[in-house]
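Enquirer: When the count follows this note's numbering, it moves up by one through the sequence shown with no breaks and lands on 455 for the last residue.
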Amino acid sequence: MSEKKRRGMQSSDWPPRHSETLRELHAMGLSYGDITKEINFKFSVAYTRNAVLGRAKRMGLVRPERPKDRGPKFKTRNEQRRVGCHTESVIQARPKPERTEPVQLRCVGISPRLISFDNLEPGDCRYPYGGDRDDEPITFCGHPRQPGSPYCTPHFHLTRNPEGLVERPPATVVLRLVAAA
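1. Could you say if the region 425 to 432 and the region 406 to 413 meet the contact criterion of at least three C-beta pairs nearer than 8 Å?
2. How long is the line joining the alpha carbons of T300 and M333, rounded to whole angstroms?
3. Looking at the secondary structure, which residues open and close the beta strand (DSSP E) in which Y403 lies?
4. Look at I313 and H292 and say whether their C-beta atoms are less than 8 Å apart.
5. So, for W288: in the same chain, excluding its five sequence neighbours on each side, which residues have a beta-carbon less than 7 Å away from its beta-carbon?
6. Out of R323, F315, V319, E298, state which residue places its alpha-carbon closest to the alpha-carbon of G307.
7. Look up T310 in the DSSP assignment and say whether it is helix, strand or coil.
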C-alpha cells in the first residue's frame, strides 16, 4: 500500500497548479469564497471554502489586519436609504403605536354542553370552546343548532355583525336559455 493511501488524502496534497492559482488569486485580493469558486471552475474540482482557507493559512497567506472599529456591518433600519427618482431619503422610524383600550369581547348567556368532536351529533351547535393552551382540549357548544347554520341561535347572533346591518336586497337574476347543439 502506498504511503499516500495509508495516511489518507491530506490538504497538503494539493497539486502545485492549484496552490499556485490560490496564491495568485489571494494576491489579487479576492475573498476566500471567490477564490474557491475560481479554483473549482478552473480545475473542475470541489474544494470547500474552508479547505481553501485552511490551505491558504498553511501556505502562510494571511489577509491584512482589518480595522477594529469598522462599525456595524449592516446599517440599522433608520440608516437604510431608499433610492427612487434619483433622490435619496432616509426612512423614518415608525412612531410608537398609541396605547389602546382593551376590546370588549361579546359573549352570550348560554351554558355550553362542552361536547368533544367525537360525540357531536348532526344537529348540535359547532361553536368551539377551549384550545387556547397547548394541553387544553377543544370542545363544542352542543345545543340544538339553528336551521341553515352550524351554530345555535345565540352563537349565530354572536358571530354576526352586532349592529345588525341590513343585508343587501337579493339581486334580480336573469336566466337566458341557450339552445344546445
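Backbone N, C-alpha and C define an ideal beta-carbon position, used for all residues, glycine too.
Expert: On the basis of the coordinates in this document:
1. no
2. Residue identity differs from the one stated: residue 300 is His in this sequence, not Thr. H300 and M333: Cα-Cα distance of roughly 11 Å.
3. 402 to 404
4. yes
5. R329
6. R323
7. helix
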